[in-house]
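Undergrad:
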């Protein structure tokens with residue numbers, strides 16, 4: 170891989186005669202187009218999104234709601250995972266929790282697209298095949314699962330890296346600026362801060378004079394200061410785990426790096442990007458200023474544990490980010506037809522995501538009507554039936570958290586584990602948080618809700634899933650149902666009839 174000098178002259182591509190400003194405007198247009206799924210769906214159809222929304226609701230309530238105060242507690246901690254939480258502080262009073270959340274979800278893909286363009290323009294003063302291909306990674310598995318802080322931090326990291334490269338000739342200005350910039354990206358999400366550090370190191374490493382040159386290791390020093398609160402243990406959970414079946418899992422996160430809603434398209438997308446990257450490498454069209462960072466990120470995908478600081482999929486997040494950075498390393502100008510062909514991968518994937526989100530949002534609109542049969546402050550046990558093997562991301566695994574958002578309910582699908590989340594349950598005698606709502610089932614397995622333990626401590630049972638249960642808790646009475654859900658009133662709260670023994 171070789172460094173590529175920055176070009177300041179006006180360029181046109183080969184036979185197609187595409188001017189650089191035309192390609193730039195194409196990139197800006199695609200950036201705003203990336204928000205289409207959030208504009209079509211009345212609520213974002215991300216797996217974790219409802220539970221994040223419930224956390225924001227409790228966070229900004231400040232003890233005003235008697236039910237939320239009774240059931241939950243929220244303790245602010247200055248950690249590397251606060252991106253959307255900090256945005257919600259000013260936005261929630263202005264727009265309300267649900268609209269503010271939707272605005273933020275729409276902004277993240279727009280910012281990611283614009284950050285891709287900013288890096289390409291800063292490095293080469295044009296937008297080429299690589300930058301347009303990188304758009305296909307915007308709606309990544311991380312974003313579709315609802316890892317909002319991480320996805321936002323990657324966009325900020327790309328913007329910050331563009332500034333780092335732009336200030337190449339002003340080292341002291343850059344050093345002073347990037348001390349606070351490092352903290353901002355870290356506050357958004359620690360992994361985005363790590364990605365920024367890798368990109369900065371790769372950029373400086375590409376300029377080394379020899380393999381023994383030690384200066385690239387010192388150049389990122391303005392970014393190291395967030396290590397201080399991390400070493401002091403501010404909000405850090407010490408859990409680190411690779412999980413079981415490491416080799417199969419690691420292979421899985423590589424070929425699932427573009428996983429969304431269509432298996433064939435998703436696997437083909439990875440294959441297309443891998444093929445273009447291979448051709449670019451063989452034809453010496455890889456810019457080392459981004460190429461080394463991509464190589465390091467792919468390596469980290471393989472060696473980083475799955476769970477770090479209580480967060481899951483720490484390595485899976487990096488697989489798609491590595492592809493994004495690798496695409497940005499492609500230094501390949503193209504005519505109009507080349508850029509249009511590159512953009513086809515993004516627009517095809519975006520169209521499928523938009524259609525799926527719109528359809529799932531219509532299903533969600535029917536299901537959320539169950540809340541009309543639920544009083545304020547109800548105790549709700551949500552049961553979500555999830556197939557053990559499925560490719561697409563299920564949007565309803567945390568849907569029960571809307572009971573918290575709209576009915577101030579005590580509900581069991583929230584991210585509320587002690588020493589992991591800032592949100593926790595006041596009732597500690599029984600576990601009543603994610604993942605207790607999940608019922609994983611095989612094709613030949615019968616779902617018996619009489620064995621569903623959260624229902625022992627609730628007044629209502631909210632069931633979501635295509636598989637029909639064979640039995641309900643004794644005395645349960647269905648109040649509302651749709652084709653894939655129902656709300657049932659339980660006969661008597663079992664924690665009142667049978668005191669919990671603390672087990």
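Numbering (my numbering), first residue to last: 170 to 672. Don't be surprised by glycine CBs; every beta carbon is placed ideally from N, CA and C. It should be emphasised that the depicted structure is a prediction, and the values quoted were computed from it without experimental measurement.
Classify residue 655 as helix, strand or coil using the three-state DSSP reduction.
TA: Residue 655: strand per DSSP, three-state reduction.
Undergrad: What first and last residue would you give for the beta strand (DSSP E) that runs through residue 556?
TA: Unbroken beta strand (DSSP E) run through residue 556: 548 to 556.
Undergrad: CB of residue 199 to nearest heavy atom of the ligand ADP: below 7 Å?
TA: As for the ligand ADP, it is missing from this structure, which has no ligand bound.
Undergrad: Below 8 Å on the Cβ atoms is my contact criterion, and I expect residue 630 with residue 659 to pass it. Report the Cβ-Cβ distance as a whole number of Å.
TA: Right, the Cβ-Cβ distance comes to about 6 Å (below 8 Å), so this counts as a contact.
Undergrad: Shortest alpha-carbon distance to residue 578 belongs to which of 247, 621, 224?
TA: For the residues 247, 621, 224, the minimum Cα distance to residue 578 belongs to 224.
Undergrad: Relative to the alpha-carbon of residue 559, which residue among 513, 501, 217, 609 has its alpha-carbon at the smallest distance?
TA: Nearest C-alpha to residue 559: 609.
Undergrad: Touch check for the region 444 to 461 and the region 473 to 491: three-plus C-beta pairs under 8 Å?
TA: No: the two stretches stay apart, fewer than three of their Cβ pairs being nearer than 8 Å.
Undergrad: I'd like the list of long-range same chain contacts for residue 291, defined as Cβ closer than 7 Å, with 5 residues on each side in sequence excluded.
TA: Contacts found: 331, 334, 335.
Undergrad: Please list the terminal residues of the continuous alpha helix (DSSP H) segment that includes residue 584.
TA: It is not in any alpha helix (DSSP H) - residue 584 carries neither H nor E in the DSSP assignment.
Undergrad: In or out: residue 214 buried (at least 16 other Cβ within 10 Å) or exposed?
TA: It counts as buried.
Undergrad: Thinking C-beta only, is residue 430 closer than 8 Å to residue 521?
TA: Contact: yes.
Undergrad: Cutting at 7 Å between CB atoms, please list the residues of its own chain near residue 205, excluding the five before and the five after it.
TA: Result list for residue 205: 519, 523, in chain order.
Undergrad: Could you check the C-alpha separation between residue 380 and residue 414 for me, to the nearest Å?
TA: If you take the alpha carbons of residue 380 and residue 414, they lie about 36 Å apart.
Undergrad: The beta strand (DSSP E) that contains residue 242, what's its start and end?
TA: From DSSP, the beta strand (DSSP E) with residue 242 extends over 241 to 243.
Undergrad: Checking the sheet assignment: what are the DSSP bridge partners for residue 455?
TA: Answer is 499, bridged to residue 455.
Undergrad: Counting Cβ pairs closer than 8 Å, one from the region 226 to 233 and one from the region 334 to 350, do we hit at least three?
TA: At 8 Å Cβ cutoff, the stretches do not touch.
Undergrad: So residue 419 packs on residue 471, CB below 8 Å; how close in whole Å?
TA: The Cβ separation is near 6 Å, so the contact holds.
Undergrad: Taking three-plus beta-carbon pairs below 8 Å as touching, is the region 585 to 599 in contact with the region 233 to 250?
TA: Result yes; three or more Cβ-Cβ pairs closer than 8 Å.
Undergrad: Are the region 543 to 556 and the region 633 to 645 touching by the rule of at least three beta carbon pairs closer than 8 Å?
TA: Segments in contact, yes.
Undergrad: Which of the three DSSP states, helix, strand or coil, is assigned to residue 640?
TA: Three-state DSSP puts residue 640 in a strand.
Undergrad: Between the Cα of residue 462 and the Cα atoms of 378, 365, 506, which residue gives the shortest distance?
TA: Measuring from the Cα of residue 462, the nearest candidate turns out to be 365.
Undergrad: Does DSSP put residue 373 in a helix, a strand or coil?
TA: Three-state result, residue 373: helix.
Undergrad: With the cut-off set at 8 Å, would you say residue 354 and residue 387 are in Cβ contact?
TA: No, the pair does not count as a contact, with Cβ atoms beyond the cut-off.
Undergrad: Are three or more beta carbon pairs between the region 244 to 264 and the region 309 to 319 nearer than 8 Å?
TA: Touching, yes, given that three or more Cβ pairs across the two stretches are closer than 8 Å.
Undergrad: Buried or exposed: which applies to residue 373, given that a residue is buried once 16 or more other Cβ atoms fall within 10 Å of its Cβ?
TA: With 16 or more Cβ atoms within 10 Å of its Cβ, residue 373 is classed as buried.
Undergrad: Assign residue 656 to buried or exposed, taking buried as 16 or more other Cβ atoms, counted over all protein chains shown, within 10 Å of its Cβ.
TA: Residue 656 should be labelled buried.
Undergrad: Between 312, 562, 220, 638, which has its C-alpha nearest residue 571's C-alpha?
TA: It is 220 whose Cα lies nearest to the Cα of residue 571.
Undergrad: Between 247, 296, 269, 278, which has its C-alpha nearest residue 196's C-alpha?
TA: Selected option, being the one with the closest Cα: 296.
Undergrad: When the Cα atoms are used, what is the spatial distance from residue 150 to residue 539?
TA: Because the chain here runs from 170 to 672, residue 150 falls outside it and cannot be looked at.
Undergrad: Taking the alpha helix (DSSP H) that residue 527 belongs to, which residues open and close that run?
TA: Unbroken alpha helix (DSSP H) run through residue 527: 505 to 536.
Undergrad: Under the three-state reduction of DSSP, which class applies to residue 594: helix, strand or coil?
TA: Residue 594 falls in the strand class under three-state DSSP.
Undergrad: Give the straight-line distance between the Cα atoms of residue 342 and residue 287, rounded to the nearest whole angstrom.
TA: Computed Cα separation, rounded: 20 Å.
Undergrad: Check whether the Cβ atoms of residue 270 and residue 237 lie closer than 8 Å to each other.
TA: Going by C-beta atoms, residue 270 is not nearer than 8 Å to residue 237.
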